[in-house]
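Using the numbering used here, read the sequence shown as starting at 3 and increasing by one per residue. The C-beta atom is built at its ideal place from N, Cα and C for all residues, glycine as well. Keep in mind that this is a model prediction, so the values were computed, not measured.
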Amino acid sequence: MAQLWGGRFTKKTDDAVYEFNASIGFDKELIEEDAAGSIAHAKMLVKTGIISTTEGDAIVKGLKSILDDVSSGKLQITSEYEDIHSFMEANLIDRIGDAGKKLHTGRSRNDQVALDMRLYTRKTVKLISEDLTELLNVILKIARENTDTYMPGFTHLQKAQPVTLSHYILAYFEMFKRDALRLSDIYKRMNYSPLGAGALAGTTYPLDRDFVAKELDFTGPTLNSMDSVSDRDYLIEFLSALSLIMMHLSRLSEEMIIFNSNEYRFIEIDDTYSTGSSIMPQKKNPDICELVRGKTGRVYGALMSLLTTMKGIPLAYNKDMQEDKEVSFDAFKTVHDSLTLFAGMLKCTKFNKDIMAKSAVNGFTNATDAADYLVKKGMPFRDAHAVIGKLVLACIDKSCAIDDLSIDELKAFSDMFDEDVYEAISLKTCVDKRKTAGACSPEAVLAAIKAEESFLDEYTCG
Ligand code: ARG
Numbered sequence: 003m004a005q006l007w008g009g010r011f012t013k014k015t016d017d018a019v020y021e022f023n024a025s026i027g028f029d030k031e032l033i034e035e036d037a038a039g040s041i042a043h044a045k046m047l048v049k050t051g052i053i054s055t056t057e058g059d060a061i062v063k064g065l066k067s068i069l070d071d072v073s074s075g076k077l078q079i080t081s082e083y084e085d086i087h088s089f090m091e092a093n094l095i096d097r098i099g100d101a102g103k104k105l106h107t108g109r110s111r112n113d114q115v116a117l118d119m120r121l122y123t124r125k126t127v128k129l130i131s132e133d134l135t136e137l138l139n140v141i142l143k144i145a146r147e148n149t150d151t152y153m154p155g156f157t158h159l160q161k162a163q164p165v166t167l168s169h170y171i172l173a174y175f176e177m178f179k180r181d182a183l184r185l186s187d188i189y190k191r192m193n194y195s196p197l198g199a200g201a202l203a204g205t206t207y208p209l210d211r212d213f214v215a216k217e218l219d220f221t222g223p224t225l226n227s228m229d230s231v232s233d234r235d236y237l238i239e240f241l242s243a244l245s246l247i248m249m250h251l252s253r254l255s256e257e258m259i260i261f262n263s264n265e266y267r268f269i270e271i272d273d274t275y276s277t278g279s280s281i282m283p284q285k286k287n288p289d290i291c292e293l294v295r296g297k298t299g300r301v302y303g304a305l306m307s308l309l310t311t312m313k314g315i316p317l318a319y320n321k322d323m324q325e326d327k328e329v330s331f332d333a334f335k336t337v338h339d340s341l342t343l344f345a346g347m348l349k350c351t352k353f354n355k356d357i358m359a360k361s362a363v364n365g366f367t368n369a370t371d372a373a374d375y376l377v378k379k380g381m382p383f384r385d386a387h388a389v390i391g392k393l394v395l396a397c398i399d400k401s402c403a404i405d406d407l408s409i410d411e412l413k414a415f416s417d418m419f420d421e422d423v424y425e426a427i428s429l430k431t432c433v434d435k436r437k438t439a440g441a442c443s444p445e446a447v448l449a450a451i452k453a454e455e456s457f458l459d460e461y462t463c464g
């Protein structure tokens, strides 16, 4: 056991207690952030005259050599240390002697871990925003190529009205766009340095918190030392944004599973993103979609876990907060993997355009347009709705579509029907006539694509 405390103890920590308390098994993930924070702190201690330049240089060099040795495998992070902070400090003292013992001047593990976690989360917010941008680009490419690829739109998973593939996929662009905007918003709000808050009350050393904040690319230092060591809001916000991303991915997964099924065959997920069955030779399963849909639960779980951990904690630091790490790291990796796999899978997914178009014409997707036709001829909408309802019932009986009926058959339902009805309720008209902003006509969709392109040009996070 190599620990940073012990002076006031007369007995050794119980082994099970030591193990239960230790965080090295997972906070070793923070090694780079811990080193970066310590280097900034050491430089500041030199600048303010708290330690000498020679001591500061030795600390910086020592920390860098520890990082190098860990990444080359020469130095192992073992459970002999309580946490990553103890590991770094003990190894530093080993390497540079007394100067290493001065690094922790004016600092507590409370503001140290608050800084490490903030740096790590900030880096991940950026990474996820890059993943999202890649996915948005893939979606936009599909949208550009399919402004006249027809498919049915659904409500209640029943065919409703025809749309285009472009229009459909842009719905997901909008969702992931809002997710991306949430990330840049979170980044701005969280980008303040907690270092210098000390254990909870600040310190009596003349620390230069602005200098540290600048060194680490923060907008500035935080304003309240008690809040600085107790705040995990930014992490909860991020987990909430990650949950929404997974919710959107999960909805798309569900639709891809349905559209990839034998019954639909709208799409074909590439062999490289599918798996087989050990018993049924014919099987090609959409496992990636199913796993993404399934993993949504663990990201929601991380959010609920941290919300619950934080809800009853009195100010300021309490060990409960150590629980923020495992669930967050797991959620970060899950969302990163899900987004990158999904973008790769979408890129090579094949769209069976003929099957989609065929499906868009049957199932009475033009019934609303047939009613609108009668309205344009002068019939009140509610009456037109009833006439077309009866017409649909008759067609179901005859197993045909509305436009399969002759003009005389149609006139039996209303004498307002004329030859121009066929054109008015054709698939092309049903889509092309929906020109309002945000609607499915190629004209409206092209305007939306242009707006989405400018969004991508201007979007930044961090
Ligand atoms: N492992 C701890 C955590 O993650 C570091 C901070 C320890 N602070 C303390 N006062 N024991 O929260």
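Boundaries of the beta strand (DSSP E) around A162: 160-166.
With a cut-off of 8 angstroms, the C-beta of Q324 is classified as near the ligand ARG, since at least one heavy atom of the ligand falls inside that distance. Within the chosen limit of 8 angstroms, the ligand ARG does not reach the beta carbon of S131 with any heavy atom. Ranked by Cα distance from S186, the options I41, L309, K128 are led by K128.
Excluding five sequence positions before and after V377, the CB atoms of its chain that fall closer than 8 angstroms to its own CB belong to F383, A386, given in chain order. In the DSSP assignment, the residues bridged to E270 are K352. In this structure the stretch 171-179 does not touch the stretch 88-95; the number of beta carbon pairs closer than 8 angstroms is below three. Annotation for A359: Y152 place their beta carbon closer than 6 angstroms to its own, counting only its chain and skipping 5 residues before and after. Taking every protein chain shown into account, the CB of A388 has fewer than 16 other CB atoms within 10 angstroms, so this residue is exposed. Beta-bridge partners of T277 (DSSP): N287. Looking from the CA of A439, the closest CA among V433, N262, A449, C432 belongs to A449. With the rule of 3 Cβ pairs closer than 8 angstroms, the stretch 109-122 counts as touching the stretch 28-35. Excluding residues up to 5 positions away in sequence, Y174, M177, F178, D181 lie with their Cβ nearer than 8 angstroms to the Cβ of H250 in the same chain. For F220, no alpha helix (DSSP H) run applies, since DSSP gives it neither H nor E. The three-state secondary structure of T15, taken from DSSP, is coil. Not one heavy atom of the ligand ARG sits closer than 8 angstroms to the Cβ of V329.
An exposed status is given to D235, since fewer than 16 other beta-carbon atoms sit within 10 Å of its beta-carbon.
Only residues of its own chain outside the window of five on either side were considered, and among them K128, Y189 have a CB closer than 6 angstroms to the CB of G464, listed in chain order. Put simply, of I409, N364, C432 the residue whose alpha carbon is nearest the alpha carbon of S401 is N364. Partner residues in the beta bridge of F156, as assigned by DSSP, are K161. Here the C-alpha atom of D133 lies approximately 38 angstroms from the C-alpha atom of L209. With a cut-off of 8 angstroms on Cβ pairs, the stretch 303-310 is not in contact with the stretch 271-280, counting fewer than three such pairs.
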